[in-house]
Every structure is written in C-alpha cells, then in structure tokens.
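Here's the structure we're looking at; comments come further down.
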Amino acid sequence: MNAVNSIPISYYLMFCSMLFSIGVIGVLIKRNALMILMSIELMINSINLLLAAFSAYSNDPAGQIFVFFIMVVAAAEVAIGLAIIVLIYKTTHSIDIDVLNKLKW
Amino acid sequence: MTILISLIPFLPLFGFIILGLGCRSIPKRVASFLGPGTIISSFILSIIALSDYLASGIPHPTSFHLAPWLSFGGFSAGFDFLIDPLSILMMLIITGVGFIIHVYSIGYMSHDEGFNRFFAYMNLFIFFMLILVMGANYVVMFIGWEGVGLCSYLLIGFWFKNQQFNNAAKKAFIMNRIGDLGFLLGIFLIFTNFKSFNYVNVFDLAKTMAPGSGTMIAITLLLFIGAVGKSAQIPLYTWLPDAMAGPTPVSALIHAATMVTAGVYMVARSSVLYVLAPATMEVIGLASLATMFLAAAIAIFQNDIKKVLAYSTISQLGYMFLALSVGAFTGAMFHLMTHAFFKALLFLGAGSVIHAMEGEQDIRKMGGLKNALPKTYWTFLVGTLAIAGLPPLSGFFSKDEILAHVFSAGQSMWIITVAVTMMTAFYMFRLLFLTFYGNYRGNNHPQSRLHESPSVMTVPLMVLAFLAAICGFLNIPELMGGKGILKEFLAPVFADAVKLSQVQHLLVPERREWFNIVLVIFLVLLMAFRAYRRFGLRDAGHEMRDAGSKSVFIRLAEKKFYVDEMYDTVFVKPVLKLSEGLHRFVEIKFIDRIVDGTGNTIIKFSNIIRYIQAGNVGVYLFFMIIGIILILFFNIIL
Amino acid sequence: MNSIISLSVLGVLVLFLGILKKKTWLLPLILLGLVVSLVMTILHWNMNRSLFHNMLIIDNPGVAFSAVMIFSTFLIFMFAAQYYRKVTRPLDDIYAVMIFALVGAVLMSYFGNLIMLFIGIETLSIALYVLAGSHKEAITSNEATLKYFLLGSFLSGFLLFGIALLYGSSGSFDLYAIHAYVVQHIHQGLPPMFKAGLFLLIIGLSFKIAIAPFHFWAPDVYEGTPTLLTAFMATVVKTASVFAMYRFFSITFFGIHGVWEMTIAILAGITIVIGNVTGLYQPNLKRMLAYSSISHSGYMMLAMVAFSGSTANALLFYSVSYSIATIAAFAILILVREARGNDYFGSFNGLSRNNHIEAFTLAVAMLSLTGIPPLAGFIGKYFLFAAAIEQGWLWLVIIAIAGSAISVGYYFKPIIAMYFREDQGTILQSDKTYKVHILVLTILILLLGVMPFLISGLI
Amino acid sequence: MLTLILIVLPLLVSISLFFVRNERWARNLALTTALVEFGISIAALVQYFLYCHCQLLFRFEWLANYGISLKFGMDGLSMLMTLLTTFLVSIIIFSSFTQKVARSSTFYSLIILMQAGLVGVFTAFDGMVFYIFWELTLIPAYFIAAYWGGENRIRITLKFFAYTFSGSLLMLVAIIFLYFRTPLPHSFDHIWLYANNLNPAEQVWIFLAFFIAFAIKVPVFPFHTWQPDTYVTAPYSGSMLLGGLMSKMGLFGMIRWMIPITYPVLNRTDGLFIIFPLVGIVYASLIAIRQDDLKRFVAYTSIAHLGLVAAGAMALNSQAMQGAMIQMVSHGINIVGLFIIIQYIEARTKTTSIRELGGIALKAPRLAVCFMIILLGSVALPLTNGFVGEFLILLGLFKYYWLYEADAGLTIIFSAVYMLRKYQRVMLGNTNTVTESFTDLSFKEMIPLVAILIMVLWIGIAPGMFMQLAENGVGQIIGIIR
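Residue numbers (this note's numbering), protein chains in the order written: chain X, 1 to 105; chain P, 1 to 638; chain Y, 1 to 459; chain S, 1 to 482.
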C-alpha cells in the first residue's frame with residue numbers, strides 16, 4: 001500500500017498518458033494490422049494501470065473491478081480482431097491495412 | 001326617366017350583343033335594320049332627354065345613379081349618368097351622326113363578309129362613346145375612354161388578314177394607352193385631393209381652391225396627356241393617319257366625328273379645373289398651335305385622299321384645343337359639332353369616291369369625277385366650303401368665333417391661326433380639284449366603270465351636307481345680330497369656368513372684328529383660287545412635272561417630317577432590343593446563372609470533399625487524431 | 001431488467017436451435033422473443049427503480065428508447081427471411097449475434113454507471129465487428145469489418161481513457177456521484193482532468209454515432225456490410241449511442257449548461273455539412289444512405305446542444321421517424337439489389353411502373369428523411385429545430401436548414417429514377433407478406449406525421 | 001365544419017383515387033369531387049354572408065404542448081381564395097379531359113391532393129399548420145410537373161423544388177423563431193403571432209425570411225428564374241395549378257402572415273422592398289415582348305402582373321391591398337384561361353411557337369373571341385376583371401408614393417404592347433400551312449372557357465361581392481397595421 005502511495009498520483013498519470021500516447025502513435029505509424037492491434041492493447045493496458053492507481057489512491061475497489069471487466073472485454077476484442085485478421089489474410093495474402101481500400105469516396 | 005336615360009347607351013349595347021352572339025347566323029338584312037335601328041332609337045331618346053331638360057322650368061343638370069360598381073373604404077364610383085347640356089349635345093351628335101354613318105355603311109359594307117361583325121363593333125363603339133359623355137364621374141368616363149379605344153382598335157384592324165392594318169390598329173391602341181396612363185394618374189390625383197370622382201363634388205371643391213396651384217396644374221396636365229392621346233395632338237398624333245386603314249365609315253365616325261373629339265369634351269367638361277391652371281392653358285395653346293400648323297402643312301402634300309382628311313382632322317382638333325386654351329369653351333364645342341358634320345360628310349364622300357374607284361385612294365389617279373359622281377361631288381363641295389370656313393356655311397361661324405376669341409387673347413396666335421385657316425382652305429380645295437376636276441387620270445381602272453354610289457350611301461351624304469350647311473346658324477354671334485342659341489344652351493355648364501377664367505380678353509372694337517372676318521374670307525378665297533389655278537385645270541402628266549424643284553420644307557412635309565421614323569428609332573426599336581438583351585444577358589446569363597451557380601458550386605464542393613474519404617484507415621486515424629487534439633486543445637488548454 | 005434477461009435468453013436459444021438444425025423455427029422464435037421482450041420493456045413503464053446500486057437505472061426515457069430499439073430490430077428481422085432466401089446454411093449465429101448486439105444496446109439505454117456503459121458499448125461493438133464481416137466471401141465485407149474493428153477498438157481506447165480520467169477526478173463511476181461532483185466544482189470551474197475525461201468520453205461516443213470527424217468508418221462500413229445488418233447499424237446502433245450520450249449528459253449534468261455545448265454544436269455543424277454535401281455525389285443508394293445517416297446524427301446532436309427537458313422527447317421522436325424511414329429504404333434496397341445485382345441509382349429506373357408499393361414506400365421514406373410535411377421526418381426535425389431555437393442556437397439551425405435544403409439533391413435521386421426515368425422492365429420479387437411489411441412502414445411514417453401526439457408527449 | 005370538409009374530402013378522395021384503376025372512373029370521380037368542393041365553398045359563402053361574417057372556425061388541439069392547433073377558418077381573404085381554388089380546380093380538371101393523360105388516376109389524385117393543400121393554406125389560421133399545408137402542395141405540384149412534363153423536365157423540376165423548398169425552410173425557421181417571441185403561453189395561432197414582441201433587428205430578419213420564401217413562390221423578381229422553365233415544361237394542368245393557384249399562395253402569405261407580423265419593417269424601410277416587384281413589372285414585361293414560346297410568354301406576363309399585386313400588397317393601405325386580393329382572383333382566372341387557349345392551340349397545331357402560327361381567327365372565330373376577351377381582362381380594360389384590381393392597386397400605390405404608381409402604371413402600356421403583339425401574331429393575319437386545317441372549338445371545349453369568360457365579365461362589371469369579401473378580409477389586416 002505504502003509502496004503505491006509513496007509515488008505521487010501525478011506520476012502515474014503522466015506515465016500512463018505516455019504509455020497511452022505511445023500506443024496511439026504506434027497505431028498511427030504502423031501499417032501492419034497485427035502491430036496496430038498490439039498498440040491498441042498497449043493503450044488499453046495503460047488505462048488499466050491508471051485505473052488501478054486511481055482506485056488505490058481513493059481506496060475504492062470499483063476501479064480495480066472495472067480493470068477486470070476491461071481485461072475480459074479486451075480479450076474478447078483481441079479474439080475477434082485476430083479472427084478478422086486471419087480472414088483478411090485468407091482473402092488478400094497480406095495484413096497490410098493499406099491494401100484494403102476498395103471502399104472509398 | 002332613369003330607364004329612358006339608361007336605355008340611351010344600352011340599346012346599342014343590346015344591338016352589339018345580339019349581332020355579336022349571332023354573328024354568323026343573323027342574315028344581313030336583319031343586321032342592317034338592327035345596327036342603325038338601335039342608334040336611331042337612342043337618338044330619339046336623346047331628343048326626349050333634351051326636350052325634358054328644356055321643359056323642366058329652370059334647366060338644371062340631373063344625375064342618375066344606375067348601379068354601384070367600385071366601392072372601397074367608404075368611397076364609391078358607381079355607374080352614374082349626368083344629363084346636362086354638354087352631355088346632351090354630345091349625345092345628339094354621337095347618335096345623330098352615328099345613325100347617318102350606320103345607314104351609309106349598309107351600302108358601303110354590303111359586299112363585305114364581316115358585315116354583321118362590323119355593325120356589332122359600331123354599336124359597341126356608340127355604347128362606349130355614350131358612356132364616355134354621359135358618365136357623371138371620371139371613372140365612368142374612363143370606362144368609355146378605354147372602350148372607344150378598344151373599338152377603334154377592333155375597327156381599324158377590321159380586315160385583320162392584312163398585317164399592315166393590324167399594325168395600325170395596334171399602334172392606335174398603344175398610343176391611346178400612353179395617354180390613358182396620364183389620364184388615370186390625373187384621376188388618382190383628383191381622388192387624392194378631392195376624395196371623390198364625381199364631377200359635381202370635384203368642381204365644387206375645386207372652385208374654392210386658389211388658381212394656379214401646383215396640384216391643379218398637375219391634375220390638368222395629366223388629364224391633358226390623356227386628351228393628347230385620344231385626340232391625336234402632338235406628340236401622340238401619328239396613329240390617326242395610320243388609322244385610316246379601317247373602313248371609311250369608321251374613319252368618318254370614330255376618327256373624325258366622335259372619338260377623337262373625346263379629348264375636347266373631357267377638357268370642356270373639366271373646364272373648371274382648367275381655368276384654375278393657367279399654365280396648363282398655355283401648354284394646351286402651344287401644343288394645339290403646333291399641331292394645327294404641322295398637320296395642315298403635312299396635309300398639303302398628301303396624295304392619299306383619306307390621309308389628307310386625317311391630317312385635316314388633326315389640325316381641326318388643334319383648332320378646338322386652341323379655343324379651349326383661350327377659354328372659348330362654347331366655341332370649342334361649337335366647332336366640335338360643325339366639324340363632326342362636315343368632316344363626317346367629307347369622309348363619307350371620300351368613301352363614296354373610293355367605292356366608285358373600287359379601292360383606289362390616290363388622288364393623283366383620280367380627277368374629273370364630278371360628272372361621274374354628281375351627288376358625291378356636290379355634297380363634297382359643300383363639305384369643302386364648310387371646312388374652309390366660307391359663309392354662310394357652318395364652318396364659317398365656328399371658326400369665326402374661335403378666331404375672334406384667339407384675336408382678343410393674343411395677336412400672334414391669331415396670325416398663326418389665320419395662316420392655318422389659309423392652309424386648310426388650300427389643301428381642301430387641292431383635294432377637291434384633284435379629285436373632281438381636270439380629266440380622269442386613273443390608269444388601272446377604266447373610267448367607264450365609274451358609277452355613282454347607291455342612294456343608301458348618297459342620301460346620308462345629302463343629309464350631312466344639309467346639316468353641315470345650316471348648323472352654323474345655331475350659334476350666330478351677337479356681332480351679326482344673332483343671339484347664340486348654343487351659347488345660351490351651354491351657358492350653365494361653363495358658367496363657373498367663365499367666372500373663374502384667368503384669360504384676360506382685351507376688348508376688340510366691332511369694326512376691327514368685321515375687318516378680321518372679311519380679311520379671313522378674302523384670304524380663304526385667294527387660297528381656293530390658287531388651288532384652282534394649280535390643280536383645277538391640270539391633267540395627269542402635268543402633275544408630276546414640277547417634281548424637280550422642291551424646297552427642303554416641302555420634301556420634309558411630304559415625308560411627314562419623319563416623325564414616325566423618329567419614334568421608331570427612338571422608342572420602338574430600343575424597346576425591342578432591350579427586350580432581347582434583357583432576356584439573353586440579364587435573365588439567362590446573370591440571374592439564372594447565379595441560381596444554377598449556387599447548386600453547381602455545392603456539387604463541385606461535394607466532389608472535392610468526398611476525396612477526404614480516402615478509404616485508407618491510416619488517413620482516417622490521422623484525421624481523427626487531429627480532431628481529438630483540436631477538441632482537447634480548445635476545451636482544456638484554452 | 002427482464003427485457004435484458006429475456007433477450008439474452010433468446011440469443012442463447014437461437015444458438016441452441018442452430019445446433020439442433022431447426023432452421024425453420026429460427027425466425028418465428030426470434031420474432032416471438034422480440035415481441036415478448038418488447039412487452040416486458042413496456043411493462044417497465046413508470047416503474048423508476050435502480051438495480052445493483054445504480055448499475056442500471058430503469059426510467060422512462062430508457063424504457064422508451066430500448067422499446068424503440070427492440071421494435072426496430074423486430075422490423076429488421078421481418079426482412080431477414082427475404083434477405084437470406086438464397087442462403088442455405090442455418091443462420092443462427094448471425095441472428096444470435098444481432099440479438100446480443102441488441103442486448104448491448106439495451107444495456108446502453110439503462111446504464112447508470114460508466115462500467116455498465118462500457119460493457120454495453122463493447123457488447124454492441126464486438127457483436128457488430130462480427131456482423132460486419134459476416135459475409136466472409138466478400139472482400140468488401142472483410143474490409144468493412146477490419147476498418148470497423150481497428151477504428152472502433154482504437155476509439156474505445158479513448159473512451160476508456162476518458163472514463164478512467166473521470167473516475168480519477170470524481171472518484172466514482174456512478175453517474176449520480178459524478179453529478180454531485182460536477183455540482184460542487186462547476187462554480188470554480190471543472191478541473192482539466194475531469195474535462196479531458198469528459199471530452200474523451202464524448203469523442204468515444206461520437207465515434208459510435210458517427211459524428212465528424214469520427215464518421216469516416218460509416219460510409220465504408222455501411223457499404224461493405226451485408227445490407228440487412230447495415231440497416232441494423234444505421235438504426236439501432238445509432239439510436240443506442242445517441243441516447244447513451246444523452247443519458248450521460250442528462251444525469252451527470254442535470255440542470256447545468258455550457259461545458260460541452262459549443263464543442264458539440266461545432267461538431268454537429270461540421271457533420272451536417274459534410275454528410276449532406278458529400279452525400280450529394282454518391283452514385284449508389286447504400287452509400288448515400290450512409291451519408292444521410294451521418295447528416296442525421298448531426299441533426300440529433302441538436303438535442304444535445306439544446307439541452308433542456310423537452311429534448312428527450314424530440315430525440316425519441318426523431319430517432320423513431322429516422323429509424324422507420326431508414327429501415328423502409330433498406331427494405332426496398334434489399335429487393336432492388338436482389339433483382340438487379342447492384343444498388344446504383346440507375347437500377348431504380350422505372351421502378352414505379354411495375355412495383356407501385358415498393359416505389360411508393362421508398363419515395364415516402366425519402367421524403368420523410370428530407371423532412372417534408374406531413375411526414376414523420378418533418379415533425380422530428382421541427383421538434384429538434386424548435387428546441388435548438390428556443391435555446392438560442394439559431395446559427396446551428398440555419399446550418400441544419402441549409403443541410404436539409406441540400407439533402408433534396410440526393411434524397412430525390414431515387415425518386416426521380418423510379419418515377420421519371422425509363423423503365424428497365426425487371427420486376428422485383430417480393431411476396432405478399434413483404435409487401436405488407438413495407439406498407440406497414442409507410443403507414444407508420446404517415447401516421448406519425450399526421451398524429452405525432454401518439455409518442456410526442458411520452459417522456 | 002364546412003372548412004374541415006373542404007380540406008378532408010379531397011384528401012380522402014385523392015388517397016382513394018390512387019387505387020382506382022379504371023381511368024374513366026378516376027376522371028369522373030375527380031371532376032365530381034372538384035364540383036362538390038365548389039358547391040361546398042358556395043355554401044360556405046352563403047353562410048358567410050347570412051351569419052354576419054362568422055369565420056366558420058374549426059379548431060383541434062393537435063400538439064397542445066407545442067402550441068400547434070389545427071385551426072381553420074374563413075374570413076374574407078380565405079373565402080375569396082377558397083372560391084378561386086375550388087372554381088379553378090374544377091375548370092382545370094375539366095379542361096384536361098380534352099387530352100389523353102397517361103396514368104390518369106394518379107394524375108387526378110395528385111390534382112385533388114393539391115386542392116386539399118391549397119385550401120388548407122388559404123384557410124389555416126395557425127402558423128405551423130399553414131406551413132405544413134404550404135409544403136404539402138409542393139409535392140403534388142412537383143410530381144405533376146416532373147412526371148407529365150416536357151423535355152428536360154427532371155432538371156427543371158428539381159430546380160423548382162429545391163429553390164422553393166429552400167425558401168420555405170427559411171420561413172420555417174422564421175415561424176419557429178416567432179413562436180418563441182409570442183406572449184406566453186406560446187402559440188402558433190395567428191393572433192398570437194400577430195401579437196409578437198420582436199425587437200426591430202429580429203423583425204428585419206423575420207421579414208427577410210418571409211419575404212424571400214413568398215417572393216420565390218410568387219415569384220417576384222429576382223427570384224423568378226425557376227418559373228418560366230417550369231411553366232413551359234409542366235403539363236397544361238400543372239402550369240394552370242402553378243400559375244393560377246400556387247403563385248397566389250405566396251401573395252396570400254404576404255397578406256395574411258408577412259405583413260401583419262412584420263409591417264414595421266415595411267414602414268421603416270419606406271417601400272424599399274416594393275422596388276423588387278416594381279422592377280419586376282417592367283423587366284418581365286419587356287422580356288415578354290419578344291418571347292416566341294406562348295407558354296414562356298404567359299409565364300413572363302404573370303411575373304409582371306403578380307409583381308403589381310405584390311407591390312399592392314406591400315403598399316400597406318386598404319385600397320392597394322383590397323385591389324391585390326381582387327387582382328389575385330382575376331389573374332388566376334385569366335392565366336388559366338390563357339393556358340386553356342394555348343392548350344387548345346397546341347392540341348391542334350402541335351406547336352406553341354408564335355413564329356409558326358397565325359390567322360387562326362379566320363378558322364376559329366369562337367377561339368378568337370374567347371382569347372380576345374381574356375386578353376382584354378389581362379390588359380385591364382374597364383368592365384373586365386383585370387381593371388377593378390389594377391385600378392385599386394394603382395390608386396393605393398399612388399397614395400403610397402406617386403412615382404411607384406407611375407412605374408407600376410407602365411403595365412397599362414406594356415401589357416397592351418405584348419398582349420396585342422402576340423394576339424396579332426397568333427390569331428390575326430393570314431393562315432399558313434400549320435394553321436390551315438385549324439378547327440374551331442367544340443362544345444365540350446367551350447365549356448371551361450365560357451365559365452372563365454363569365455367570371456371575367458362578372459368581376460369586371462359587378463365586382464361588389466368580391467370587393468366586399470376582400471374589404472372585410474383586408475379590413476382586419478389594416479386594422480392590425482394601424
């Protein structure tokens with residue numbers, strides 16, 4: 001407990017924001033669907049950490065419970081995402097997102 | 001009494017309806033009874049009205065309210081009739097001359113397939129003309145005013161196969177319309193100032209107003225514009241010569257005897273307003289002088305028998321307006337009456353000549369007709385003498401009265417007037433001699449086929465000739481020991497006007513007046529003589545010889561001073577060009593383009609911004625991040 | 001609550017039926033179940049109670065909207081049979097996923113706690129990712145689902161971050177707690193962290209609603225997705241997300257103004273302009289409808305901007321009229337696509353000759369979307385505009401007006417094609433029941449237009 | 001109650017007409033409906049005069065909590081316009097019998113629907129209801145013009161729809177805005193709307209919105225460019241509906257809604273906005289002179305004539321406004337008459353190009369007479385319907401500002417110019433190859449024209465009743481302004 005509280009909350013906040021931003025940037029610059037998926041996971045995990053930190057500070061379990069929910073949902077999302085990527089790979093033997101732009105304008 | 005009075009205009013209307021509806025079913029003989037029949041009956045009724053008026057102890061004008069028409073905000077302009085000497089006089093002239101001309105037309109139009117249509121129109125015209133003169137307020141007068149315009153349109157374009165005639169008709173209607181706008185504005189101004197359309201109320205109020213006030217001048221000028229259009233004065237006179245396209249009886253009835261004098265009637269009717277606007281009187285005087293002179297000058301050089309008469313009509317109308325301008329209202333009405341007789345007579349005579357020549361109207365192709373058409377010749381001669389103003393014919397008296405007034409009003413005007421009188425005499429005698437004297441010059445139409453018109457045409461001529469000869473005695477001036485019946489008859493109408501009149505008459509010694517009269521007669525005779533010397537003895541070839549030596553003035557006069565051409569270039573063509581241009585450039589290229597342009601720009605814009613939807617996830621992500629950053633920036637940092 | 005349970009049960013049942021290969025029972029069961037849960041939802045009317053410590057709050061707006069969504073789903077399932085006529089394999093999975101998506105939507109309309117909101121959204125989204133790609137063979141379908149998935153999960157990341165920040169600043173996920181927090185901090189201004197959370201949440205939701213600049217997925221995904229499911233997305237999903245946003249505001253910012261209005265107003269303006277203007281150029285009906293739905297989400301944002309008591313009503317009416325009209329349009333689209341292979345406007349030519357009812361329905365739907373009285377669309381627009389003007393958002397209304405003026409340009413394309421262009425001869429295959437369903441939709445549109453008081457005074 | 005029947009009956013009939021497949025039945029049903037409507041409106045008229053101008057009110061709280069109530073009634077204005085509508089629709093339907101119409105059941109159902117909308121517009125006493133019916137008329141008009149229209153009808157009619165619709169949307173905003181400026185409890189009832197408390201700036205905006213919406217509908221220069229094309233491309237019945245009745249909606253809206261609500265703007269701007277129609281009069285007249293297509297020609301003349309009416313409506317004095325009401329009726333009658341005549345001419349010669357026509361009067365005297373009388377009506381000759389209205393309008397304008405009158409008075413000259421020009425080219429002169437085999441009107445063709453002629457002369461000679469209706473209606477408006 002003290003270990004957690006010994007670091008001021010703003011640090012957690014900054015750290016998580018950085019992680020999140022890194023994830024965002026990853027999404028932006030990567031063209032590979034898998035990498036993008038991973039970056040998104042990074043974003044989500046940064047949020048989990050943040051939530052945990054918050055809940056620890058305001059001794060309130062809700063945040064950590066929410067983290068579990070998020071993990072579950074994220075897992076489901078990843079499952080779907082991988083499935084989709086596989087599907088894509090079947091049809092267009094690549095998982096580069098730039099390949100897919102039939103639908104436009 | 002109301003019934004009888006209202007029958008006067010509505011009998012002709014009734015005739016029109018019958019003839020109009022059953023246009024093709026009714027046989028000619030019925031029409032030729034019905035057409036004149038309605039007119040003569042309303043003539044009789046008018047006489048009854050006259051007698052009734054005279055009978056009623058001290059004669060006073062009576063007005064009848066027939067039916068309501070326009071009513072708004074407490075004001076109303078109904079079908080009201082006013083019976084007073086002025087309207088009675090006009091009614092008598094209209095129905096009388098109208099009847100004679102109707103009878104004449106039976107013969108003249110006998111070969112025309114539009115016989116019934118013709119009489120229908122003529123009856124309609126009489127109806128509107130009576131409405132015009134009988135109306136008790138300006139709106140009813142306006143009904144007649146426009147109605148006669150319509151009838152003249154219909155009758156000028158009677159032979160509507162010929163687009164030339166139709167153009168003439170259209171021209172007449174439109175030029176009249178220009179005048180009518182002025183007239184309408186005048187009516188509105190009257191209404192806004194006097195809160196009524198009724199003559200009686202308007203004049204009663206007007207009497208109290210100071211003379212020469214701005215509104216009064218405006219009103220009278222606007223009304224005068226209407227008169228200019230209707231009575232073919234400068235600058236709106238050019239339609240009348242073209243109007244000769246119509247059948248000759250039409251020219252006689254509408255464009256000589258009655259309709260064109262509506263302007264004179266209107267000014268006389270509103271005499272009270274006019275005498276309160278001296279400035280307007282000046283304008284009228286100048287306009288009429290110019291018109292008289294110009295028309296007479298043109299008339300001298302015309303070769304179409306009807307055109308000559310048309311220009312002479314214009315110039316005679318100028319006489320009447322001149323008389324009005326110097327405050328000689330009775331004189332004007334007197335001349336109106338005499339002119340109605342002798343000008344109708346002349347036109348009908350011309351018609352008879354044309355009828356004999358089977359449509360030929362060029363007097364250079366005539367000549368020596370007096371043997372072939374004796375009746376026509378003699379009646380025509382009477383008409384000529386009358387219009388030339390030789391005693392004891394009617395024209396002499398009416399002109400003399402006008403001249404006397406003009407002289408007392410101003411010497412210079414008098415001199416011009418006398419000059420015009422001389423010119424009148426000259427062109428009329430020229431016409432007479434070229435038509436009936438000398439030897440026959442018609443080349444495409446053998447002399448043998450010439451024939452006197454049937455009696456149904458010649459009898460009216462004689463009647464008119466008789467009237468033209470004697471009706472001058474209705475108003476013998478005091479100078480000659482007469483007591484001026486007409487003057488006394490009309491006195492109640494013009495009493496106020498004369499009282500308020502601003503025109504100062506200098507007293508003229510009797511001897512001077514006698515001198516003037518004799519002088520004028522002498523000059524007229526001189527002109528007649530000169531005309532005889534130049535045209536009376538000639539034969540055809542001679543006529544053309546002195547074509548070489550012509551002064552500029554003559555050339556201009558022969559070309560009618562190019563007035564028509566000027567109007568064409570100044571008004572007609574520009575309007576057409578404008579119409580074309582507006583549609584091509586303003587409408588399509590500007591206004592409509594703006595409208596369409598808006599739509600097209602949106603579509604173009606859409607075509608541009610749809611490419612933001614690039615179909616590439618990367619691009620989408622990029623835009624979204626931009627959006628997120630902007631939102632957060634504006635909401636948190638700021 | 002019961003409706004949520006019944007729906008979930010329904011979904012599971014459907015899956016079991018699939019296992020039992022009872023293909024023919026599927027649709028009847030689903031329709032029945034939907035009716036049942038619709039009834040259950042309506043039974044919740046006027047029983048305002050909160051479940052699980054305000055995890056779910058059952059109040060009238062929630063009831064009304066979830067009823068609307070269930071009803072729309074019902075209507076959409078009406079056309080499922082026709083749409084999947086050619087498909088032989090049992091479609092239990094697709095149907096089940098649709099129902100689960102509906103469950104998520106219903107959750108979103110009851111949530112009283114941000115956790116619930118998140119779960120609802122994710123349930124909905126994940127189901128939709130599957131549905132978007134349900135046409136496995138078609139590359140367009142694959143592309144659609146990939147785009148939807150990537151963007152969706154990316155944006156839900158932001159949503160989560162927003163929730164986290166809100167939690168961090170207010171110390172709770174409970175809407176009422178947040179409301180209390182807002183009430184005490186509004187005067188000295190909300191702390192940046194809270195604001196950041198708020199706006200991230202808004203951004204996450206506006207992605208689901210498809211508000212510019214987060215609308216990019218909509219046209220592509222709509223076009224790629226199988227038409228029936230596009231209809232589902234365009235109506236149920238949009239309604240759910242819009243109402244979720246409204247619900248969040250209406251509880252947390254009850255009686256408080258001026259924090260987010262301007263932002264959303266600007267976004268709405270941009271959305272209306274982009275949606276209408278871009279829609280003008282679209283050559284085929286499906287994509288055009290995508291843009292139309294974008295522009296309509298812009299109009300719905302007027303309800304958020306003009307935040308007052310009556311806007312719930314306006315929003316309800318608008319989403320009902322919009323959903324019905326859109327479903328009708330898609331219903332015709334399904335037929336045309338089936339008969340003529342594609343959904344370009346050209347293939348609508350001369351439809352009115354042989355298919356009066358279909359043509360008439362589509363025409364009415366289009367006119368209603370344009371907002372021509374006396375159709376439902378007009379009344380909905382009127383309510384929103386009135387609310388916005390009452391709150392003094394005249395400029396936004398002017399933009400909206402301009403938008404609907406422009407929208408004539410594309411809503412009339414199918415009408416012109418159907419009525420004023422030459423016939424192509426092909427006749428649409430649609431059985432009696434289908435025709436009846438279409439007619440029902442038409443009548444609903446007209447009825448709501450003529451008697452708006454049927455639902456206008458509900459909430 | 002009568003008012004409600006007037007609106008509901010055609011609505012029901014038009015719906016049922018959609019399902020009538022037998023064309024003859026459809027035609028006859030439509031005609032009978034129109035005639036019954038006419039009868040009802042006559043009955044309403046009688047009731048109006050018997051029971052001291054009671055307004056035949058019908059009221060139903062439609063959206064109570066939004067202040068919208070279905071409130072219909074008949075004051076002088078509504079009565080006049082309703083009579084015109086029912087009369088003209090009967091004429092239009094009857095005159096359409098002379099030519100073959102494809103899918104006629106739909107056609108007639110649309111016309112009847114249009115009638116319902118028009119009556120609704122003219123009798124609505126509630127701003128929002130007025131707007132709803134206002135838009136309702138647009139749909140049938142658009143479909144008639146676009147389905148049965150001539151060449152490149154699709155583009156033209158879409159332009160027509162989009163243009164007018166955008167105008168109306170502006171009006172919608174204005175009305176809603178107005179609603180929130182009405183005294184509490186807010187209401188769209190016309191009395192409430194009249195009693196608004198706008199500040200001057202708001203008044204200007206509201207006025208502009210109304211003015212543009214109505215000006216597009218009428219149309220008033222420079223918002224008129226949709227109109228000639230639409231009149232040309234629309235089928236004759238459509239052109240008649242548009243020119244005879246739909247254009248009146250705009251003018252009626254000005255008198256019933258725009259002026260009582262925002263007259264202060266007109267007062268303050270001191271006749272600035274009258275200049276638009278006044279320019280339009282001269283502009284359209286000039287253009288009309290050189291038009292070759294008869295329908296286009298009529299379109300431009302109607303811009304000119306209606307410009308005069310609009311000017312009269314905005315002159316804010318009783319004469320002008322009363323004249324405007326009368327002139328609306330007259331113009332509706334005349335333009336429908338003209339279109340009927342053109343329809344007959346095209347039916348025989350397959351052309352509306354004046355260049356190719358001529359000498360018809362020789363072959364068809366009846367047609368010539370009808371044409372001439374209607375022509376006289378539209379050149380405002382005394383004793384025809386045109387004169388009464390124009391006289392009052394010009395008089396009112398004269399009281400307002402004499403220069404305006406002088407400008408507006410030019411119609412007297414211009415109308416003579418273009419009308420006689422066209423009449424001469426079409427009817428007079430000698431026949432040519434096209435008009436050689438021209439046959440005169442049959443009895444069946446005469447009927448509608450004769451009905452029109454009767455109205456032309458009736459209003460011209462005995463306008464008493466119409467003037468009283470107009471005066472009663474205008475009296476209230478003026479009362480509000482004073």
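Beta carbons are placed, not taken as given, at the ideal position from N, Cα and C, and that holds for glycine.
For a quick check, are the C-beta atoms of residue i and residue j less than 8 angstroms apart?
i, j, result
"M1(P)", "D84(P)", "no"
"T41(Y)", "S72(Y)", "no"
"P249(P)", "L130(P)", "no"
"L367(S)", "I255(S)", "no"
"V260(P)", "L181(P)", "no"
"L369(Y)", "M418(Y)", "no"
"N137(P)", "C23(P)", "no"
Quick one: what's got a C-beta closer than 7 angstroms to residue i's C-beta in the same chain, skipping five residues either side?
i, result
"T426(Y)", "A339 and R340"
"F161(Y)", "L200"
"T311(Y)", "A303 and A387"
In or out: residue i buried (at least 16 other Cβ within 10 Å) or exposed?
i, result
"T458(P)", "buried"
"P283(Y)", "exposed"
"V336(S)", "buried"
"G15(P)", "buried"
"R441(P)", "buried"
"D242(P)", "buried"
Give the DSSP-derived three-state secondary structure of residue i in the structure shown.
i, result
"R103(S)", "coil"
"A138(Y)", "coil"
"P61(Y)", "helix"
"P452(Y)", "coil"
"W69(P)", "strand"
"F59(S)", "A small fix is needed here, since residue 59(S) is Arg in this sequence, not Phe. Three-state result, R59(S): strand."
Leaving aside the five residues before and after residue i along the sequence, list all residues of the same chain whose C-beta is less than 6 angstroms from its C-beta, in chain order.
i, result
"V563(P)", "T238"
"L9(S)", "none"
Assuming residue i and residue j make a contact with CB atoms under 8 angstroms, what is their CB distance in whole Å?
i, j, result
"F38(S)", "F87(S)", "6 angstroms"
"P260(S)", "I477(S)", "6 angstroms"
"I156(S)", "D229(S)", "4 angstroms"
Starting from residue i, find everything on chain A with Cβ-Cβ shorter than 7 angstroms and list it in chain order.
i, result
"L150(Y)", "Note that chain A does not occur in the displayed structure, where the protein chains are X, P, Y and S."
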